[in-house]
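Residue 31 in UniProt numbering is what sits at position 31 of the sequence shown, and the numbering runs on without skipping anything.
Cβ atoms here follow ideal geometry from the backbone N, Cα and C, with glycine treated the same way.
These figures come from a predicted structure and were not determined experimentally.
Remarks on the structure that follows.
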Amino acid sequence: MTLFAVNDVFVDPLNVSKTAFVWGKWGPYHLARFSAFQKLVPDAIGIQFAADSGSYLWHMEGLSQCGVQTLYTSRKQEDLGFSDVFGRVRNILRRESIETVFLPSYSPMRCFAALLAARSVNARCIMMNETHAGTASKSVVTHALKKVILRQFDGGLVGGTPQREYFESLGMRSSDIREGYDVVDNDFYASRSQVAKSDKRHVRQKHGLPTKYILSLGRFVEKKNLTLLVRAYAKLAKRSNEQEIPVLLLVGEGQEEQAIRDCVAELNIPMFQLKKGKLPKQKSPAVALLGFQQADVVSDIMSLADCFVLPSLYEEWGLVVNEAMACGIPVVVSQNVGAVVDLVKNDVNGLLFNPESVESLEAALFKLVGDEELRLQMGVESLRIISRWNCDLFAKNAFELATMNASTTQASHAPGGHSA
Numbered sequence: 001m002t003l004f005a006v007n008d009v010f011v012d013p014l015n016v017s018k019t020a021f022v023w024g025k026w027g028p029y030h031l032a033r034f035s036a037f038q039k040l041v042p043d044a045i046g047i048q049f050a051a052d053s054g055s056y057l058w059h060m061e062g063l064s065q066c067g068v069q070t071l072y073t074s075r076k077q078e079d080l081g082f083s084d085v086f087g088r089v090r091n092i093l094r095r096e097s098i099e100t101v102f103l104p105s106y107s108p109m110r111c112f113a114a115l116l117a118a119r120s121v122n123a124r125c126i127m128m129n130e131t132h133a134g135t136a137s138k139s140v141v142t143h144a145l146k147k148v149i150l151r152q153f154d155g156g157l158v159g160g161t162p163q164r165e166y167f168e169s170l171g172m173r174s175s176d177i178r179e180g181y182d183v184v185d186n187d188f189y190a191s192r193s194q195v196a197k198s199d200k201r202h203v204r205q206k207h208g209l210p211t212k213y214i215l216s217l218g219r220f221v222e223k224k225n226l227t228l229l230v231r232a233y234a235k236l237a238k239r240s241n242e243q244e245i246p247v248l249l250l251v252g253e254g255q256e257e258q259a260i261r262d263c264v265a266e267l268n269i270p271m272f273q274l275k276k277g278k279l280p281k282q283k284s285p286a287v288a289l290l291g292f293q294q295a296d297v298v299s300d301i302m303s304l305a306d307c308f309v310l311p312s313l314y315e316e317w318g319l320v321v322n323e324a325m326a327c328g329i330p331v332v333v334s335q336n337v338g339a340v341v342d343l344v345k346n347d348v349n350g351l352l353f354n355p356e357s358v359e360s361l362e363a364a365l366f367k368l369v370g371d372e373e374l375r376l377q378m379g380v381e382s383l384r385i386i387s388r389w390n391c392d393l394f395a396k397n398a399f400e401l402a403t404m405n406a407s408t409t410q411a412s413h414a415p416g417g418h419s420a
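Here it is, written out as structure tokens:
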């Protein structure tokens, strides 16, 4: 048996308390994190509220074989309320003799139900959260309520620096917080990227990709700020005059698609839909659309992009930034995205911009579009920076939280205990 060092003390993973991880609808990165933890604690289990979601369209198979139990196989997680979740989670925790539960925060109500279910069986509760001051409610009442709710948690696994600072401001002890919640399977993206870059023409033909393109990928919702990206691209096209620029490729779907199409039409930019297996004949400047794609296709598309752009007005973290960096490309990211403090070094592996300024984003794109050497250098730096933000970091820090002294837990819930 391999012993694992935690705070300079070697611990036998088989002696760790029985642990469960709870998420609403599991996606590839949930499974990757959980699998990394299972290498340390093989008998850990997973709990999924529902196999379907109205917001996340991941197609996941074989979760049950990986130790993940699903509460509802034919309902969407967004449709579940307190009573739908509490009893079923409680039953699983009791049946599996779970002692430590990693929970997806305390909101919405279905997550709060899971927290109370864990408390009802006297399990230790570890919060998984990516909220930071920029995305948190400014309400004094909400702030006070969060402080009360946080007393039900024995520790927190958070995204990074801004998230740590936020929960410390709510009273959670620094010693009870670990970072590394927001990670993806870097090896998956890096290995697929190497293959894609070694046979670019085949990959372009397979997915119908332009020769050169600026990529943005995610849900087409208002906070993603995609119309600002389109307007910045239009300014870039005018500034470049007759010089050919990369196509703007938008990958995803959502309620803002019509607003994006209207904006493109208003600016008189050609738009086309990519067709798999057929190379596009449309010359740039142009905007290309491609609907929602699963992780294997995403890695191919990211790998051949000139750069990746996330123009969000706000974002708790922004895991697509991790994915793009793991594919070895530059990232152009809104300064309001939660990941930028830890992942994006301005003028090193990418560029930051003001998401309320078309000019700010256009200037960043202009700097990258005409400088291939800079893009290559930034891609190398992306790989270097993202290398430590991997699933092993998640597993290690989750393991530390799962092995914290139980007496500390009891003290935290006693009258006058700390708010953790």
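Run of the alpha helix (DSSP H) containing residue i, from where it starts to where it stops
i: Met271; result: No alpha helix (DSSP H) contains Met271, which is instead part of the beta strand (DSSP E) from 271-273.
i: Ala118; result: 109-120
i: Lys396; result: 391-402
i: Thr142; result: 140-150
i: Arg261; result: 257-266
Start-to-end residues for the beta strand (DSSP E) that takes in residue i
i: Gly46; result: 45-52
i: Tyr213; result: 213-217
i: Met127; result: 124-129
i: Ser334; result: 331-334
i: Thr100; result: 100-103
Identity of the residue in the options nearest residue i by Cα
i: Asn129; options: Val121, Leu145, Phe102; result: Phe102
i: Ile385; options: Gly81, Ser169, Glu323; result: Glu323
i: residue 438; options: Phe272, Tyr56, Leu250; result: What is shown of the chain runs 1 to 420, which leaves residue 438 out entirely.
i: Lys235; options: Ile269, Ala259, Leu209, Lys206; result: Ile269
i: Leu374; options: Val41, Val332, Met404; result: Val332
i: Trp26; options: Ser17, Val68, Ser382; result: Val68
i: residue 456; options: Thr19, Leu40, Arg219, Leu290; result: Here the chain has residues from 1 to 420 only, and residue 456 is not among them.
i: Ile214; options: Arg151, Pro285, Glu266, Ser191; result: Pro285
i: Lys345; options: Gly155, Tyr56, Phe394, Leu383; result: Leu383
i: Gln335; options: Ala144, Gly134, Gln255; result: Gly134
i: Phe82; options: Phe37, Ala114, Tyr56; result: Ala114
i: His253; options: Ser64, Val221, Gln377; result: Per the sequence presented here, residue 253 reads as Glu, with His not at that position. Measuring from the Cα of Glu253, the nearest candidate turns out to be Val221.
i: Ser191; options: Glu165, Ala295, Glu61; result: Ala295
i: Cys66; options: Leu93, Leu57, Ser35, Leu401; result: Ser35
i: Phe153; options: Glu315, Gly46, Ile126, Asp262; result: Ile126
i: Tyr181; options: Phe21, Thr403, Val358; result: Phe21
i: Lys146; options: Val158, Tyr166, Gly160; result: Tyr166
Where residue i falls, given that 16 or more other Cβ within 10 Å makes a residue buried
i: Lys238; result: exposed
i: Lys138; result: exposed
i: Gln410; result: The predicted model places Gln410 with a pLDDT of 40, which falls under 50 and marks its position as unreliable, so this point remains unresolved.
i: Pro280; result: buried
i: Arg124; result: buried
i: Lys276; result: exposed
i: His59; result: exposed
i: Met1; result: The predicted model places Met1 with a pLDDT of 46, which falls under 50 and marks its position as unreliable, so this point remains unresolved.
i: Ser407; result: With a pLDDT of only 40 at Ser407, under the threshold of 50, the placement of this residue in the model should not be trusted, and no figure is reported.
i: Ala144; result: exposed
i: Ala326; result: buried
i: Lys224; result: buried
i: Leu361; result: buried
i: Glu256; result: buried
i: Asp306; result: buried
i: Gly87; result: exposed
Contact test: residue i Cβ vs the ligand FAD heavy atom, cutoff 7 angstroms
i: Glu179; result: For the ligand FAD, the structure offers nothing, since it holds no ligand at all.
(request) Only counting runs of 3 or more residues, tell me where the beta strand (DSSP E) segments fall wholly within the region 271-319, in order along the chain. (result) 271-273, 287-290, 307-310
(request) Kindly confirm or deny that the region 42-58 and the region 67-74 touch, where touching means at least three C-beta pairs closer than 8 angstroms. (result) yes
(request) Scan the region 322-382 and note each continuous alpha helix (DSSP H) run of 4 residues or more that stays entirely inside, going in chain order. (result) With a minimum length of 4 residues, the continuous alpha helix (DSSP H) runs that stay inside the region 322-382 are 340-343, 358-369.
(message) In chain order, what are the residue ranges of uninterrupted alpha helix (DSSP H) at least 4 long that sit wholly in the region 199-255?
(response) Secondary structure remark: continuous alpha helix (DSSP H) runs of at least 4 residues inside the region 199-255, in chain order: 200-207, 226-239.
(request) With a floor of 3 residues, list each beta strand (DSSP E) that falls wholly inside the region 153-193, ordered by position along the chain. (result) 155-158, 177-179
(message) Three Cβ pairs or more, each shorter than 8 angstroms: is that satisfied between the region 347-357 and the region 161-175?
(response) no
(request) Any chance you could list the alpha helix (DSSP H) runs of at least 4 consecutive residues sitting entirely within the region 20-94, in chain order? (result) 28-40
(message) Between the region 293-300 and the region 200-208, can you find at least three pairs of beta-carbon atoms closer than 8 angstroms?
(response) yes
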